[in-house]
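Numbers given in our numbering equal positions in the sequence shown, counted from 1, plus 328.
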Amino acid sequence: KTSALRVSHAFHSPLMDPMLEEFRQVAQGLTYRAPSLRVVSNVTGDIAGEGLLTSPDYWVQHVRDAVRFADGVGRLRTDGVTRFVELGPDAVLTALTETCLDEPDALVVPALRKGRPEVRTLLTALARLHTAGARPSWAAVLEGRGGHRVDLPTYAFARDTYWLDAPAAAPDGDVTSLGQTAAGHPLLSAVVVSPEAGGVVLTGRLSVRTHPWLADHDVLGTVLLPGTGYIELAIRAGEEVGCDVVEELTIEVLMPLPPHGGLALQVVVDPEDSTGRRSLAVYSRADDAPSDTPWTRHASGVLATGGQTAPAPETFGVGSGVWPPEGARVVETDGVYDYLTSQGYGYGPMFRGLRGVWSRGKETFAEVSLPEDSLDVGADFRLHPSILDAALSATDFMDGRKPQDVGGTQLPFAWSGVTLHAAGSSRLRVRITPVESHRSEGSDAVRLELSDPSGTPVATIESLVVRPVTAARVNAAAAAGDGEREAMFRLVWNQLPLGGAVAAVADDWAVIGPEPAAGPVHPDGVGRHYPDLAALGGAVTGGAPVPAVVVLPVPAADHTDDVPGAVRSVTWQVLDAVQGWLDDTRYADSRLMVVTRNAVTVTGDETVDLAQAPVWGLLRSAQEENPGRFVLVDSDGSGPARDALPAVATSGEPEVALRGAEVRVPRLARVGAGTVTTPVAWDPEGTVLITGGTSGLGAVVARHLVTEHGVRHLLLTSRRGAGTPGATGLRDELATLGAVVTLAACDVADRAALDGLLASLPADRPLTAVVHAAGVMDNAMVGALTREQFDTVLRPKVDAAWHLHDATRELDLAAFVLFSSCAGLVVGAGQGNYAASNRFLDALSAHRRALGLRAVSLAFGLWETKTGLGGGVTDADLRRMRTLGIPALPTAEGLELLDEALTLDEAFLAPIRVEAPGDPATEPPVLLREVMRAAAAAPQRREVRAPAVTAATAAAPAAEELPLARRLSGLTAVAREQAVLDVIKAQVAAVTHGDPDTVDVTKGFTAQGLDSLAAIDLRNRLQKAVGTRLPATLMFDYPSPVVLAEFLLEELAPDIDDSSPDAPRETAAQDEASIRQALASVPLDALRGAGLLDALLALAGPAASTPPATSPATPPGAAPQPAASEEAIRTMDIDDLVRAALASADPNPSEG
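Below you can see the structure in the form of structure tokens.
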């Protein structure tokens, strides 16, 4: 038997003869060096002798002669080699090597596997070699990973477990005692019928401990419920409702089984429709998940009633006739499971049931069975999933193929027309034929007929379609199985209870804009009206009081047909107003309430105003730079929403949405496991457009789509195209992986250029997906932003994204992915223009979804890549983000989150990692308050030993917790200056992640590494520390710690008279009296036992010549009253006793 090889030329054959002389000339022009290791020659099948491999003639002979691979492996085995490692991009030679070896102890390991994570695969190979006696250099492997040696336990590993295993299915008595019906099935426990609707729910529990045979279905390193398991569940559900045909069943999301614990399982069958059909769905979630945890839907389908009797054996394709069928030839299957293992199928014995394959024309026949020691298991099932899975493996031999010709990893995707004729079989004969109608539609489908060894029909499957599966999809499903995705967030709008009270109408409000009759946001009876901020400023100059709150409605766009133009018109008007507000120091203690209309989507059915959406990004940056100066409100324009504005002003929330009478606040919440949809089907014949794809994250994504998702045609654009450094190298790299990459210099913000680019795509490679990863930054504080800076950032984000949407809106794209940013979401100081642009992307995604088009906007944080959206990232940026509790994403994790996001049915997602802020004093971003506080409250790994705390020390405030102005009031001039400098140094150190002692108080802030973003952070921290509002330009107006300290002293302690000679002495006297009284409350035996009594008496002087038996306030004859319990004091050390004494002092001691 021969098989056609998929190669461009017939190497190692006479067809090479015409090129040999030219090849010889090339070979003679090379420089050769002798190998440092022994090499087995594929020409001789033996150890290469001296000079052989450095001869040009050898390589000419090599390309022409037969490859003596088996002889070479045999020579190595003769020399005692038992461990073989394949170094290459896939396990091409691994299976071939195994066929050359007869010894069971030989180990053949591939270092890399196509479609599987490289690091994991390589480490797995090293681990296998290690267990086989090899000695990898683990120090080299682990270098730079932060690991360290730990001591192993001194006792032996007993491998005993002590937990109680839950039963595979609840005993019938347990189920019936709960008023339910026993399911009588190994995978299902109970049946619950809805008496009103007529629906049915079958429940069960799955785990690898209660169903150990499931552990044999390992795919790409993860144990999955086999696709045939869904058919078993559907057949059993159909029995319950009288349906004997699984008309359709589509597997939407893989079901990974956890290594520990299990899954709660539900098969939900709806009431029948007018045709007698019933919809069916299969759900799961972790069995120990809280009751409000969403369920994941894994499969959906339709049950029907066929009304057919089982076919007669003689009419069945695998009936009671001759077996194997007449005219069928034997197909070689040796080594099939070894090859499947190399492709990611880690099948154990229960899923290795293929016993033989035969072929006759377009028909393929197979014989399958359960393992000999598990034959009785089949009787418990309708059609055991493992034996049906074995039957499916025979499809790889259709049309004269072998599994090697199919390649990759494939799993069942869609079933139709499944009918069970007989249950409980442990051995099957199978007939497989192609479904020609599917072939004409461009997809492969097969029909299966199954009978038992006697020829009795067992099942008919009219159509089965399989689909490739990648490691990325398996990993995403495994990650989703944990209930909540650790680093995937969505935006939720929680209702803010206002206690039913409406804030009092304020007279000290002002409303900018039209008169009340025309104003969409004017609360009745609130404040005065001014046409613009300039008019308000003129009134204040004329003597009008400065309003506490100024309401600024955002105007509607003038020209909505030009969306990018409308964005500029609205955003620039708001920018002008915000800058004017910040520039006028008279409003320093007032708040500007900026009110948009439908700039955000609170519910899924709302229409978003694309022109107003960027205002939210701009204002969030302004809020971060100027805490307490702005309130951001989105209104639906209704009367109740207008009337709620006064209550919003007193709510303490910096941003809200008003929908009718409801006040909603935005928060980021982790995505649950129940919002999964079908992953993106990347069409290998279509073209994926990636803007910004020649470098940075765009290039990273391009490489990922090729290596992990099988994308074969890429159109990568940037302003410079092939002229971008590294672009041609990327193209050549991806070409070696089989991808056709086109590099285009195209400004996607130019609609005509974009139209020309799309028109250039060949008809046989149509556009099937868009990834918009282009973007630039031009940072500045909101108060200093120019329109030119805004336009620089808007073009590649707003203009380009809108043109991409408009140019492709008629296409059925598989994906439309917008790379947004968390700038303007949870961070954004110094990036008002960038934040505004990214909020437009979020709104555009919602807009497309409302039109029924695919889209998702991903608000990533920083990536640990030095180019693209992670470009320009400095170590200071990484430290700042980590201090905020949002560390940068490693590239591998970012790509995993991208894959995960594309399995979720959401218009907007924030793939970011959130942890407790690096500085406990850091105020969490509004949208992450609950998440970060929960992270901060979680138990920490490190252990900190705290000093003993007594009732007295717990009740006494630390000096640092007192308001700074109050602390300064009791200090001398020198001490006051030092106290303020200490505060400044501490906050500078917090911003720069340094040591307060290293801060130079005479050196400028910028010279000590503080940039404009750090200046805002420092101002905010000092503002919180001193308890008073400080200007945004603080660091620039007072450019060094010592200059800033002078300003703060004037602000905090302007009235202290240092000329009074009594103030310091009075303070010292008060301090001494307080210390004496505190010490008097400590029992003498505690002082004596600590060795302090004699020293304290000597320091106290004559007034203490007689040890105090009672405190000055204690009546004669009364016992001393300790500051804490006797037992607590007896256990104190010296430091604790002093702290207790000082904390117990009464600042106003009673006269004795």
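Even for Gly, the Cβ is constructed at its ideal location relative to N, Cα and C.
Considering only the beta carbon of each residue, do Pro-942 and Val-906 sit closer than 7 Å? no
8 Å contact criterion, which Ser-1493 and Leu-480 should meet: CB distance rounded: In the structure displayed, the chain extends from 329 to 1480; residue 1493 sits before or after that span and is not available.
For Glu-691 and Gly-736, the rounded distance between their alpha carbons: In a straight line, the C-alpha of Gly-736 is about 23 Å away from that of Glu-691.
Can you have a look at Ser-697 and say buried or exposed, based on whether 16 or more other CB atoms are within 10 angstroms of its CB? buried
Can you give me the Cβ contacts of Pro-699 inside the same chain, cut-off strictly under 6 Å, excluding the 5 residues immediately before and after it? Pro-677
Member of His-749, Arg-755, Arg-775, Val-520 whose CA lies at the smallest distance from the CA of Pro-785: His-749
Residues that Pro-994 bridges to, as DSSP identifies them: Answer by DSSP bridge pairing, in chain order: Trp-821.
Ala-1335 in three-state terms, based on DSSP: helix
DSSP has Met-921 in a bridge; who is on the other side? Val-879, Val-959
Under the three-state reduction of DSSP, which class applies to Leu-1296: helix, strand or coil? helix
Outcome for Pro-968 when other beta-carbon atoms lying within 10 angstroms are tallied against a minimum of 16: So Pro-968 ends up on the exposed side.
Let me know the secondary structure DSSP gives His-1041 once reduced to three states. strand
Along the chain, where does the alpha helix (DSSP H) containing Pro-796 start, and where does it finish? Per DSSP, Pro-796 belongs to no alpha helix (DSSP H); it is in the beta strand (DSSP E), 785-796.
Beta-carbon separation of Val-1370 and Thr-1326 under 7 Å? no
Cα-Cα separation, Leu-1309 to Ala-1317: 12 Å
Taking the alpha carbon of Glu-580 as the reference point, which residue from Gly-629, Thr-788, His-588 has its own alpha carbon closest? Gly-629
Helix, strand or coil for Phe-1188 per DSSP? Phe-1188 falls in the strand class under three-state DSSP.
Within this structure, are the beta carbons of Ala-805 and Pro-584 separated by less than 7 Å? yes
Straight-line CA distance for Thr-1035 to His-1041? 12 Å
DSSP state of Glu-1221 mapped onto helix, strand, coil: helix
Is Thr-1434 buried or exposed, if buried means 16 or more other CB atoms sit within 10 Å of its CB? Caution is warranted here: a pLDDT of 43 is assigned to Thr-1434, below 50, making its placement in the model unreliable, and the coordinate value is therefore given only provisionally. Flag for Thr-1434 reads exposed.
Closer than 8 Å by C-beta to Ile-1240: which residues in its own chain qualify, once you throw out the five before and the five after it? Chain order, please. Ala-815, Phe-817, Cys-1150, Val-1154, Ala-1187, Phe-1188, Gly-1189, Ile-1214, Leu-1217
Just the C-alpha distance for Leu-542 and Gly-674, rounded to the nearest angstrom, thanks. When rounded, the distance between both Cα atoms is 12 Å.
Considering only the alpha carbon of each residue, which of Asp-399, Gly-1222, Ser-602 lies closest to Asp-374? Nearest of Asp-399, Gly-1222, Ser-602 to Asp-374, Cα basis: Asp-399.
Where do the ends of the beta strand (DSSP E) carrying Phe-1147 lie? For Phe-1147, the enclosing beta strand (DSSP E) has its first and last residue at 1143-1149.
Looking at C-alpha atoms only, which residue of Phe-1147, Gly-1038, Gly-566 is the closest neighbour of Asp-1020? Going by the sequence as given, residue 1020 is Gly instead of Asp. When each option's Cα is compared against that of Gly-1020, the closest is Phe-1147.
Compare the Cα-Cα distances from Asp-407 to each of Leu-1089, Asp-917, Glu-378, Val-367 and report the closest residue. Val-367
With which residues is Ala-1318 paired in a DSSP beta bridge? Answer is none; Ala-1318 lacks a bridge partner.
Val-293, enclosing beta strand (DSSP E) - first and last residue: No information on residue 293 is available, as it lies outside the stretch 329 to 1480 that the chain covers here.
Take every Cβ of the segment 922-939, pair it with every Cβ of the segment 1132-1142, and state whether three or more of those distances are shorter than 8 Å. no
Judging by CA-CA distance, which residue of Ser-949, Val-976, Arg-925, Met-921 is the nearest neighbour of Val-959? Met-921
With DSSP run on the structure shown, which of helix, strand or coil describes Gln-508? coil
Just curious, the alpha helix (DSSP H) that Ile-563 is in, first and last residue? 555-569
Which of helix, strand or coil DSSP assigns to His-712: DSSP places His-712 in coil when its eight states are reduced to three.
For the segment 408-421 against the segment 465-472, are there 3 or more C-beta pairs whose distance is under 8 Å? no
Identify the residues that DSSP records as bridge partners of Trp-743: which are they? Leu-577, Leu-792
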